[in-house]
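Everything on this sheet refers to the single structure shown next.
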Amino acid sequence: MKFSVTQENYTMNLEVFVIGKDLFATIIGGDTPHIGTVTTLTKNTDIQTIRYPSHDGRFHKDDVLAVRVAKIIQSNLPGSCTITAGVHVNHISKKQIAVSSQMAKKLGEDLKDWLQQTNFDAPEPIYYSDSENPQ
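Quick note, the sequence shown lines up with residues -15 to 119 if you use the working numbering.
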């Protein structure tokens, strides 16, 4: 599933891949999409983020977008969720920075609506009991 929003002359995309009951999502956009951060969560666990270093040694700040989406969808998650984020707009303006949070909110709300309407009827895994071993 793919969602997009455009404001102030740039587009931000959120694409979701369903893996069983888990979600892999990517938030990208601007002039140079990339993976700047990785954010993980489930319905019942804290949101955690890894931020990668950027070209100049500072760390990417794309988790601001991912965490915004994560907080909106968290209570509707069917399983685990991993969100990569990387939006870069060349010579970004103050207006473009200001709308990025609104754009992420819109993407999160679109994803939440989709999650509420989607049936995640994947088979449950079967595990060996403590008294069983592979044959």
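For each residue, glycine too, the CB sits at the ideal point set by N, CA and C.
Around T24, the same chain offers Q32 and T66 as residues with beta carbons nearer than 6 Å, after the five sequence neighbours per side are excluded. At the C-beta level, R52 and K96 stay beyond 9 Å of one another.
For the pair A69 and Y111, the Cα-to-Cα distance works out to about 34 Å. Selection N28, S77 and S113 evaluated against G14 yields S77 as nearest (Cα-Cα). Taking a contact as a CB-CB distance under 8 Å, the pair I11 and V71 counts as one, their CB atoms being some 7 Å apart.
Judged by DSSP in its simplified three-state form, E93 adopts helix.
Taking all protein chains shown into account, I57 has 16 or more neighbouring C-beta atoms within 10 Å of its C-beta and is therefore buried. Taking all protein chains in view, the Cβ of G4 is surrounded by fewer than 16 other Cβ atoms within 10 Å, so the residue is classified as exposed. Within the same chain, Cβ atoms closer than 8 Å to the Cβ of S38 are found at G20 and H44, the five residues on either side in sequence being excluded.
Within the same chain, T21 and V22 come within 7 Å of I34 by CB-CB distance, once the 5 residues on both sides are set aside. Counting only residues of its own chain and dropping the five nearest sequence neighbours on each side, D94 has a CB closer than 7 Å to the CB of F(-13). Comparing C-alpha distances from A50 to each of G41, Q80 and S84 shows the shortest one belongs to S84. Only residues of its own chain outside the window of five on either side were considered, and among them M(-15), L7 and A9 have a CB closer than 6 Å to the CB of V0, listed in chain order.
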